[in-house]
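Take a look at the structure below.
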Amino acid sequence: MGQSLPRSSTHPPPQVILMGLDSAGKSTLLARLLTGEVMDTSPTVGFNVGTLDLDKKTSLTLWDVGGQNNMRPNWRYYLEGCKAVVFVVDSSEPARMPEAQKALKKVLGDENLRGIPLMVLANKKDLPNSMTIREVSKHLDLPSYKERAWEIQACSALKGLGLQQAFLSVAKLIKRS
Ligand code: G3D
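Heads up, the sequence shown is in our numbering, so the first residue is 13 and it goes up one at a time.
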């Protein structure tokens, strides 16, 4: 095993930004992962923030900064110091894939996120018509991201399937970056 992620107060957990179009399942995912801990900071910053403890040595701070339409003017500030981007996509909505592809491209174009690893969560895999991760990666044009480490995993925020595994992979991507 490599080095564990730092957890002391002088080394806060790595910051992970959660993004995706509206209805992709970000709130459901956060509520599932951070039961009882989701802190709605809306009066000041408007983002949901929470710490996810994956195991004794591994924690991540998750920032739900919303979708492209509800991003606050100051959201870029939160990208500074971000160690990974998690992009949530509704894999049962092929019609919204072009929009998701554009949103992802725009987000990753921010210079604060240059070279930062990307995890795409193909959410709603519990739905019978959901696309495979291969189909989702094609729609999102993931192979074109050659300058950064990226992974895609299927999950169901509603059923709590695949989430732990996906965020452990995020922690690994951060360690390797
Ligand atoms: P957002 O925060 O990204 O905007 P939400 O998305 O978490 O509000 O989810 C939008 C809708 O999708 C919600 O349904 C939610 O229950 C549903 N959803 C989220 N994740 C999953 C999933 O994994 N599987 C299924 N089947 N549905 C999911 P409503 O009906 O409340 O709008």
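A virtual CB, placed ideally from N, CA and C, is assigned to each residue, including glycine. Just so it is clear, the structure is predicted and the values come from calculations on it, not from any experiment.
Presumed contact (8 Å Cβ cut-off) between residue i and residue j, rounded CB distance
| i | j | result |
| --- | --- | --- |
| Lys-95 | Gln-165 | Lys-95 to Gln-165, Cβ: 18 Å. No contact. |
| Tyr-157 | Leu-130 | 7 Å |
| Phe-179 | Leu-72 | 6 Å |
| Val-77 | Tyr-90 | 6 Å |
| Trp-75 | Val-61 | 5 Å |
| Ala-112 | Val-101 | 5 Å |
| Gly-127 | Glu-159 | 7 Å |
| Leu-154 | Cys-167 | Contact doesn't hold; Cβ gap of about 16 Å is too wide. |
| Leu-125 | Leu-152 | Wrong, their Cβ atoms sit about 16 Å apart, outside the cutoff. |
Own chain partners of residue i with C-beta closer than 6 Å, once the 5 adjacent residues on each side are dropped
| i | result |
| --- | --- |
| Ala-169 | Gly-37, Thr-40, Leu-41, Arg-44, Asn-135 |
| Gly-172 | Arg-44 |
Residue i (DSSP reduced to helix, strand or coil)
| i | result |
| --- | --- |
| Asn-60 | strand |
| Ile-128 | coil |
| Lys-137 | coil |
| Glu-105 | coil |
| Val-100 | strand |
| Ser-156 | helix |
| Ile-119 | In the sequence under discussion, the amino acid at residue 119 is Val, which differs from the Ile named in the question. Helix at Val-119. |
Sequence-distant residues of its chain with Cβ nearer than 8 Å to residue i (five each side left out)
| i | result |
| --- | --- |
| Ala-161 | Pro-129, Leu-130, Leu-185, Arg-188, Ser-189 |
| Leu-46 | Gly-62, Thr-63, Leu-64, Leu-74 |
Residue i burial status per 10 Å Cβ neighbour count (16 or more: buried)
| i | result |
| --- | --- |
| Thr-70 | buried |
| Gly-121 | exposed |
| Lys-137 | buried |
| Pro-25 | buried |
| Ala-107 | exposed |
| Gly-93 | exposed |
Spatial neighbours of residue i in its chain, beta-carbon cut-off 7 Å, leaving aside the 5 residues before and after
| i | result |
| --- | --- |
| Asn-141 | Ser-104 |
Legend entry - Those residues, in chain order, that have a beta-carbon closer than 6 Å to some heavy atom of the ligand G3D: Gly-32, Asp-34, Ser-35, Ala-36, Gly-37, Lys-38, Ser-39, Thr-40, Asn-135, Lys-136, Asp-138, Leu-139, Ser-168, Ala-169, Leu-170
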